[in-house]
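This report refers to the structure that appears directly beneath it.
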Amino acid sequence: MVFDFSFEELNFIVNNECCRLATTSFRNKPHVVPVCYIFVDGCFFISTDYNTKKLKDITNNPFVSLVVDEYVPQNHKGIVVCGDVEIIGRGESFTNIYTRFFNKFDWVRKDPWTEGQAPFLKINPYSKVSWGLKN
Numbered sequence: 049m050v051f052d053f054s055f056e057e058l059n060f061i062v063n064n065e066c067c068r069l070a071t072t073s074f075r076n077k078p079h080v081v082p083v084c085y086i087f088v089d090g091c092f093f094i095s096t097d098y099n100t101k102k103l104k105d106i107t108n109n110p111f112v113s114l115v116v117d118e119y120v121p122q123n124h125k126g127i128v129v130c131g132d133v134e135i136i137g138r139g140e141s142f143t144n145i146y147t148r149f150f151n152k153f154d155w156v157r158k159d160p161w162t163e164g165q166a167p168f169l170k171i172n173p174y175s176k177v178s179w180g181l182k183n
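First residue of the sequence shown? That's 49 in the working numbering, and the numbers climb one at a time after it.
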């Protein structure tokens with residue numbers, strides 16, 4: 049099932065590429081990192097390495113939050129999304145998302161990787177709140 053975003057929310061999400069991703073350790077310690085993303089079929093996709101804290105956290109607790117926002121004085125806007133994560137390290141889904149990352153981000157073209165070297169996080173949204181986006 050695809051989560052229901054408004055037109056304004058979708059427009060905001062697809063016209064940005066960076067967000068902050070929040071995870072929680074098995075000891076309930078929060079961790080927030082800035083990351084690049086792509087948005088495909090209602091889900092956020094983020095690349096990571098196998099040895100990162102965020103991946104370790106997600107392995108223990110697959111629930112995350114992310115924030116996409118723009119700060120302009122008197123016109124701050126953004127969206128917070130909560131979701132559960134699937135780790136994609138191989139297969140057709142990996143290849144499809146990798147191709148999209150490769151085409152979009154120069155840093156991927158400069159330092160490419162293959163299946164099994166670095167996975168993607170697929171965030172399946174289940175709640176959201178937005179502000180400053182015209183309805």
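All C-beta atoms in this analysis are idealised placements derived from N, C-alpha and C, irrespective of residue type, glycine included.
Let's see if you can read the secondary structure: which residues bound the beta strand (DSSP E) around residue 118? Locating residue 118 in the sequence shown gives position 70, counting from the first residue. For residue 118, the enclosing beta strand (DSSP E) stretches over residues 111-118.
What do you reckon, are the CB atoms on residue 81 and residue 102 nearer than 8 Å? Counted from its first residue, the sequence shown places residue 81 at position 33. Counted from its first residue, the sequence shown places residue 102 at position 54. Closer than 8 Å, so yes.
By alpha-carbon positions, which one of 95, 106, 133 and 163 ends up nearest to residue 65? Counting from one through the sequence shown, the residue named residue 65 turns up at place 17. Closest option to residue 65, Cα to Cα, is 95.
Give, in chain order, every unbroken run of the beta strand (DSSP E) that is at least 3 residues long and sits entirely within the region 66-113. Fully enclosed beta strand (DSSP E) runs of 3 or longer: 66-72, 78-84, 86-88 and 91-95.
Runs of alpha helix (DSSP H) lying entirely within the region 126-179, each at least 4 residues, in chain order: Within the region 126-179, the complete alpha helix (DSSP H) runs of at least 4 residues are 139-152 and 154-158.
7 Å CB neighbourhood of residue 136 in its chain, flanking five on each side removed: Along the sequence shown, read from residue 1 onward, the residue named residue 136 stands at position 88. If we look at residue 136 and ignore the five residues flanking it on each side, its Cβ neighbours are 142, 145, 167, 168 and 170.
On the premise that residue 180 lies in contact with residue 123, defined as a C-beta separation below 8 Å, what is that separation, rounded to the nearest angstrom? Here residue 123 refers to the residue found at position 75 when the sequence shown is read from its first residue. Here residue 180 refers to the residue found at position 132 when the sequence shown is read from its first residue. Rounded, the Cβ-Cβ distance is 6 Å, consistent with contact.
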